[in-house]
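A.B. asks: Residue numbers (numbering that gives the first Met the number 0): 0 to 207.
Here a beta-carbon is modelled for each residue, glycine too, at the ideal position from N, C-alpha and C.
Can you read through this structure? Questions will come right after.
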Amino acid sequence: MEIDKPVDVPVQSDVAQEHHPSHEAPAHSDREARRKQRDEEREREHQAVVSKKRNKRILQWTLAAIILIGLVNLFYRATVGGEKPYTATEIHWHADVQIELCGVRKDLPRVPAGAGHFGTPLTHTHDDNKLHLEGRIFKKRDANVGLFLDAIGVDFSESELYGKRGGDVCDGVPGRVRAFLNDDEVSVAQMQEYVIKDGDVVKLTFAP
Numbered sequence: 000m001e002i003d004k005p006v007d008v009p010v011q012s013d014v015a016q017e018h019h020p021s022h023e024a025p026a027h028s029d030r031e032a033r034r035k036q037r038d039e040e041r042e043r044e045h046q047a048v049v050s051k052k053r054n055k056r057i058l059q060w061t062l063a064a065i066i067l068i069g070l071v072n073l074f075y076r077a078t079v080g081g082e083k084p085y086t087a088t089e090i091h092w093h094a095d096v097q098i099e100l101c102g103v104r105k106d107l108p109r110v111p112a113g114a115g116h117f118g119t120p121l122t123h124t125h126d127d128n129k130l131h132l133e134g135r136i137f138k139k140r141d142a143n144v145g146l147f148l149d150a151i152g153v154d155f156s157e158s159e160l161y162g163k164r165g166g167d168v169c170d171g172v173p174g175r176v177r178a179f180l181n182d183d184e185v186s187v188a189q190m191q192e193y194v195i196k197d198g199d200v201v202k203l204t205f206a207p
């Protein structure tokens, strides 16, 4: 009698039966991470652009405000809040202007053809050897003798008068510049800064 031999039944390995997760899940996760990173970068770039535009607008408004404040301040100082006007109202004063070079009287320059006056609207002449001071004076420096002479082309300084310079001679003797106000001698610097009064006599000489 034959004895049945045991039949070897192949046993499946536990390892073979284990289920390995697909590689698709990590790949999907990586794509999501990259997409999220790109979105975050785009958002940061957008915020940077918005911030830059906002800062630019703030700067523009700040500059505009500074300019406006400056203009208001200048207007205020020029009218009521700043330096007190030299004259309270408009005036029309005249001063005789006498210039002598080596003892010879010299007229002021003539008014250009077609012009009503020569100088500035505030300080000018009308072919009469007079300084006309006409209008309201806000600042003395806008109406002084030095400014008037400069505006009509008459050189006037410590060393020069109407083309004559220190060291030039009068009858063989070196001359110098002198200034007189109503017959009283004053310094050239004082005369340059002086604002005339009605009826003044301004005399400038170049003589030994």
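Can you tell me whether L160 is helix, strand or coil according to DSSP?
C.D. replies: The residue you call residue 160 lines up with position 161 of the sequence shown. Strand, per DSSP.
A.B. asks: On the DSSP bridge assignment, give the partners of V185 in chain order.
C.D. replies: Translated into the one-based positions of the sequence shown, residue 185 becomes position 186. DSSP lists A178 as partners of V185.
A.B. asks: Based on the DSSP output, what are the partners of G165 in its beta bridges?
C.D. replies: Translated into positions along the sequence shown, residue 165 becomes position 166. G165 is bridged to D167.
A.B. asks: Express the C-alpha separation of L180 and F196 in angstroms, rounding to a whole number.
C.D. replies: In the sequence shown, residue 196 corresponds to position 197, counting from 1. In the sequence shown, residue 180 corresponds to position 181, counting from 1. The question names Phe, but residue 196 is Lys in the sequence shown. Rounded to the nearest angstrom, the two C-alpha atoms are 11 Å apart.
A.B. asks: Within 10 angstroms of the Cβ of L113, are there 16 or more other Cβ atoms? Answer buried if so, exposed if not.
C.D. replies: Residue numbering aside, residue 113 sits at position 114 when the sequence shown is read from its first letter. Contrary to the premise, residue 113 reads as Gly rather than Leu in this sequence. Flag for G113 reads exposed.
A.B. asks: From F205 to A188, what does the alpha carbon distance come to, in whole angstroms?
C.D. replies: Within the sequence shown, numbered from 1, the residue matching residue 205 stands at position 206. Within the sequence shown, numbered from 1, the residue matching residue 188 stands at position 189. Taking the straight line joining both Cα atoms gives about 15 Å.
A.B. asks: Compute the distance between the beta-carbons of A150 and H123, then report whether it is under 9 Å.
C.D. replies: For this step, residue 150 is matched to residue 151 along the sequence shown. For this step, residue 123 is matched to residue 124 along the sequence shown. Yes, the Cβ-Cβ distance between A150 and H123 is below 9 Å.
A.B. asks: Give me the DSSP bridge partner(s) of W92.
C.D. replies: Position 93 of the sequence shown holds residue 92. L132.
A.B. asks: Consult DSSP for R104 and reduce its assignment to one of helix, strand or coil.
C.D. replies: Along the sequence shown, read from residue 1 onward, the residue named residue 104 stands at position 105. Here DSSP, grouped into helix, strand and coil, assigns R104 to strand.
A.B. asks: Going straight from the alpha carbon of A94 to that of F147, what length do you get?
C.D. replies: Your numbering for residue 94 matches position 95 in the sequence shown. Your numbering for residue 147 matches position 148 in the sequence shown. Here the C-alpha atom of A94 lies approximately 12 Å from the C-alpha atom of F147.
A.B. asks: If you compare alpha carbons, which of S186, G134, L107, E133 is closest to D154?
C.D. replies: Walking along the sequence shown from the start, residue 154 turns up at place 155. Checking every option, the nearest Cα to that of D154 belongs to L107.
A.B. asks: Give every residue of the same chain whose Cβ lies closer than 7 Å to the Cβ of G118, excluding the five residues on either side of it in the sequence, and list them in chain order.
C.D. replies: Residue mapping note: residue 118 aligns to position 119 of the sequence shown, counting from 1. So the list reads T124, F147, A150, I151, once near-sequence residues are dropped.
A.B. asks: Closer than 8 Å by C-beta to R175: which residues in its own chain qualify, once you throw out the five before and the five after it? Chain order, please.
C.D. replies: Numbered from its first residue, the sequence shown carries residue 175 at position 176. Here the set comprises G165, F205, A206, P207.
A.B. asks: Can you list, in chain order, the residues of its chain whose CB lies under 8 Å from that of D167, leaving out five sequence neighbours each side?
C.D. replies: If you number the sequence shown from 1, residue 167 lands on position 168. If we look at D167 and ignore the five residues flanking it on each side, its Cβ neighbours are P173, G174, F205.
A.B. asks: Is the separation between the beta-carbon of E208 and that of R53 shorter than 9 Å?
C.D. replies: Not covered by the structure: residue 208. The range shown for the chain is 0 to 207.
A.B. asks: Helix or strand or just coil, what does DSSP make of F155?
C.D. replies: The sequence position of residue 155 within the sequence shown is 156, counting from 1. DSSP places F155 in strand when its eight states are reduced to three.
A.B. asks: How long is the line joining the alpha carbons of L73 and P84, rounded to whole angstroms?
C.D. replies: Numbered from 1 along the sequence shown, position 74 holds the residue referred to as residue 73. Numbered from 1 along the sequence shown, position 85 holds the residue referred to as residue 84. Roughly 14 Å separates the two Cα atoms.
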